[in-house]
Amino acid sequence: MLQITINGKQIEVPEGTTVLRAAEKAGINIPRLCDHKELTPYGGCRLCIVEVQGVRVPMASCTLPVSNGMVVNTETEALKKSRKFILSMLFSERNHFCPFCQVSGGDCELQNAAYHEEMTHWPIQPGWNNFVVDTSHPYFVLDNNRCILCRRCVRACAEMAGNFTLSVAERGAKSLVVADTDVPLGESTCIKCGSCVQVCPTGAIIDKTSAYQMHDKDLTEVKSICTGCSVGCSIKLMVRDNRIIRIEGGWHGSVNHGVLCEHGRYDPMNESRKRITTPLMKKDGKLEPVSWNEALKAVADQLRPLSGQKDGIAAIVSTKLPAETLTAFKDLFAHNEIVTTTEEGMPTASVTKFAEKQGSFEGKLDVLSNADTVLCIGVDAGRTHMVAGFMFKRNMPKGTRLINIDPEENELNDLANLYLKPKAGSDLALILGLQAVIVKEGLGRSPLALPDTDSLIQKAVEETGISRDQLTQTARVLANSITPVILFGKGITAQRDENLVEELYNLAVLVGAVDSERLGLLSLKGEANSLTATLLGLDQIFELNGHKAVFVALGDDYVSRSFVERVSKVSYLVVQASYESKLTAQADVVLPVTVWSEQEGHYINLDGRVQKTQKVFSAPENVRDNLAVLNELATRMNISLESNWKQAILARKSSVALN
Amino acid sequence: MNKPKIASDWICGCAGCHMSLLDMDERILKIVELADLRATPITDLKEPDESGVDVGILEGGVNNSANEEVAHKMRKRSKILVALGDCAVFGGVPAMRNLCGVEAALKRAYVEAESNEPGSQIPDDPELATMTQARAIHEVVPVDYNVPGCPPDADTIFYVLAELAQGRKPEIKDEYLHWH
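Residue numbers (our numbering), protein chains in the order written: chain A, 3 to 661; chain B, 107 to 286.
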């Protein structure tokens, strides 16, 4: 620990702490603009200057590490004067006229800094630099005229999303933020995660949807969890008048630390499906509005005699619904042969099955941040579960290698150090081939008995269509890594072969991805509550043969066309859904229910974190809560739903430790 | 003792700051109690007394040769000069034309704008003032108090006038300080 005195206040901080962070710890506020707690210190704006005893000139506290016995002052008259001068220079560079800026009036850190220094005017008038405003992006506007070149956006693009789209071109007063090689942002490699908008301290990057709607001080902040996928990112909803103004990544989130992907930040803002606002019942071949009582009575009357009958009811629930709802659903239809999910366990069943034998064998998402090599197999982290991809993409310039194995076209292939495109269905041969090369060359970190390595390698080459050279190279890179991680997804799990998962596990042990200290093996699962569903045993494939009724609790989820085709042949279809779809069009009864933001409940993310979403909005008048509908049906069908979800998920071994 | 004299004028602004001044409602009677309101653009007397005033207020920036004249006259005749509002303090909305230049702005307004009659031209009557770069007042004459805001709140204007009328120095900060 090091001793430091700031404004006469003595505190102790660990080595490596910057003076700015030490001051924060001491409760002393130092004005700053380019600094951001989730980004690497940059020292660009110089507003955070402090006086250090024994040093001739003021120093930027954000990049100055504390040394023992340091004596620092942050509020001398000279510093105040300097800060005013620094701000004057910033204001003189570009168009910082406040009256027509979206962030003016509380949301602009530059303006707030000027108010803090009690600046009534600009001592130096602007130089009238004129930059082109880039409005080509679907979600945000880049206006270099408002930019102070703090490079927070550039750092967020690199350090949060790992995308490296933004950089600064030109020099001096002509410097400007550009995408790629100065192409319009909308035509660039931007993956639309919006991290740059979230960190911009001025009006240089503004959000199109929420612009000019209201200042943040007039919005309500609600912390919740994104239900877009199984990563389970923390989000901050900015809310007003029962609607979302903007979604931000929650800085408080242990999973994402502020970053979000396009789906999490913008999909809910662009929801274009039509909401169902009243119960509907098919009458003379047409769906007609009916009362809740009529709809529920009809459903209960139809289902009651079929409940528990052979070929009676098939019940299918979306894995996007909260754990409480999934548990109630399971209980409600417990006596029927088919109780499963829309995912049918594709992303999870084989993993849970292997866990029955192996116990929990998967690691936490954090291993991705510390990996020196990531082997992705059957995963497209550029398309789904993107935030998990960010966790290693951002480290690639520092040397983290990516090996991408996917029979399909993969978004991350361009980025990968090695990418293999094996023939579909040849994964087992490939994994065994990799094991064989490592064993044969004696590169393994732990012993693995393989009978005939040569024939395994030969078989791998034949079945996958990958050359022996490439296979060998891949195996060597993986085996020579210090902290490798194997990340697998639906490409593997949808084959429903726990043997595949087991061999991946063996490979992970062989290369030291999994040992007594690290669990560098992780599957991405599917939707927000995939893991909960499989723990509840809701992960079988369903096949309808003469079933008399199908009950689909879809919530606000989407359905595939093939799913609609499969279930719509049944003679009685009940759909509990928030939005109109091809499925609801086929239904005999449609029960309108709440969407993610209108209900609360628990979710277990892909690495076992139990999190809770918040009810942010009140639902439309005639729309009911997903869980409440199931409870009401249970009452009408004389079935008791008493299970506690926390108990229910303990019925099966989890592939990942829950916490 | 004689009451301090206050005069005001507007140059390149939108009159919004004077509207905000009127927004102080009945408190304007307090100002009249404290000070002698002389020339303003919204009263009969249009020019500050030749003998001088104690406080001169200018709304709007300096945009042409006529504005310059007004600014210099007000400065010369005022003991204390107040720049009122964002245009006077920073240049404001009119200063946006500095980004494209006077020529392009005039062309856009008088020739290209959709509302113009075909064949319209930029007025060139020799009696018209000469256009210049749009500037804040303090770029043209020394200013004693900058009161930003678009417009400054009536509360702010009342505070500033009341302080000045009673011989005190107003402090433009906290709730009195905003730039929009």
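From the three backbone atoms N, C-alpha and C, an ideal C-beta is built for every residue, glycine too.
Check	Outcome
Span separating the alpha-carbon of residue 271 of chain B from that of residue 221 of chain A	40 Å
Partners in chain A for residue 278 of chain B, counting only beta-carbon separations shorter than 7 Å	122
Cutoff 9 Å: residue 123 of chain B Cβ touching any chain A Cβ	no
Stretch-stretch touch, CB-based, cutoff 8 Å, three pairs: the stretch 249–264 of chain B with the stretch 122–130 of chain B	yes
Proximity winner among A:15, A:606, A:599, relative to residue 233 of chain A (alpha-carbon distances)	A:606
Exposure label - residue 335 of chain A; buried when at least 16 CB within 10 Å	buried
Terminal residues of the beta strand (DSSP E) in which residue 171 of chain B lies	It is not in any beta strand (DSSP E) - residue 171 of chain B instead sits in the alpha helix (DSSP H) that spans 171–183.
Beta-carbon neighbours of residue 177 of chain A, restricted to chain B and to distances below 8 Å	Here the premise fails: no neighbours, minimum Cβ distance about 18 Å.
Residue 274 of chain B at chain A interface by Cβ criterion, 9 Å	no
Close beta carbons around residue 620 of chain A, own chain, < 8 Å, minus the five adjacent residues each side	244, 600
Integer-rounded CB distance, given that residue 553 of chain A should sit under 8 Å from residue 305 of chain A	7 Å
Chain-ordered chain A contacts of residue 169 of chain B [CB-CB under 8 Å]	Residues of chain A passing the Cβ test: none, with the nearest at roughly 14 Å.
Proximal chain A residues relative to residue 198 of chain B, where beta-carbon distance stays under 8 Å	99, 101
is_contact[residue 107 of chain A, chain B] using C-beta, thresh 9 Å	yes
One or two residues paired with residue 61 of chain A in a DSSP bridge	A:52
DSSP bridge partner residues for residue 165 of chain B (one or two, in chain order)	B:116, B:190
Contacts of residue 117 of chain A in chain B (Cβ-Cβ under 9 Å)	279, 280, 283, 284, 285
Sheet register partners of residue 1 of chain A (DSSP bridge)	What the structure shows of chain A is the stretch from 3 to 661, and residue 1 of chain A is not part of that stretch, so it cannot be assessed.
Proximity test, Cβ basis, 9 Å: residue 173 of chain B and chain A	no
Partner residues on chain B for residue 132 of chain A, Cβ-Cβ distance less than 7 Å	205
Beta strand (DSSP E) runs wholly inside the stretch 215–257 of chain A, at least 3 long, in chain order	222–227, 236–242, 245–251
Which of helix, strand or coil DSSP assigns to residue 109 of chain A	coil
Extent of the continuous beta strand (DSSP E) to which residue 14 of chain A belongs	11–15
Contact set between residue 113 of chain A and chain B, taken where Cβ atoms lie within less than 9 Å	284, 285, 286
Within chain B, the residues that residue 104 of chain A reaches when beta carbons sit closer than 7 Å	Chain B residues near residue 104 of chain A: none, gap ~11 Å exceeds 7 Å.
At least three beta-carbon pairs within less than 8 Å, the stretch 315–323 of chain A to the stretch 530–537 of chain A	yes
Backbone secondary structure at residue 486 of chain A - three-state DSSP	strand
Partners in chain B for residue 616 of chain A, counting only beta-carbon separations shorter than 9 Å	What residue 616 of chain A touches in chain B: nothing, since even the nearest Cβ is about 33 Å away.
Under 9 Å from the C-beta of residue 215 of chain A: neighbouring residues of chain B	In chain order: nothing, as chain B lies at least about 16 Å away.
Cβ of residue 270 of chain A within 9 Å of any chain B Cβ	no
Same chain only: Cβ atoms within 8 Å of residue 209 of chain A, ignoring 5 sequence neighbours per side	141, 142, 196, 199, 248
Cβ-Cβ distance between residue 115 of chain B and residue 174 of chain B below 9 Å	no
Selection of the stretch 220–252 of chain B by Cβ proximity to chain A, strictly under 9 Å	239, 241, 242, 244, 245, 249, 251, 252
Rounded straight-line distance, which links the Cα of residue 124 of chain A to that of residue 278 of chain B	14 Å
9 Å Cβ cutoff met for residue 136 of chain A and residue 186 of chain A	yes
Residues of the stretch 573–594 of chain A with Cβ closer than 7 Å to any Cβ of chain B, in chain order	none
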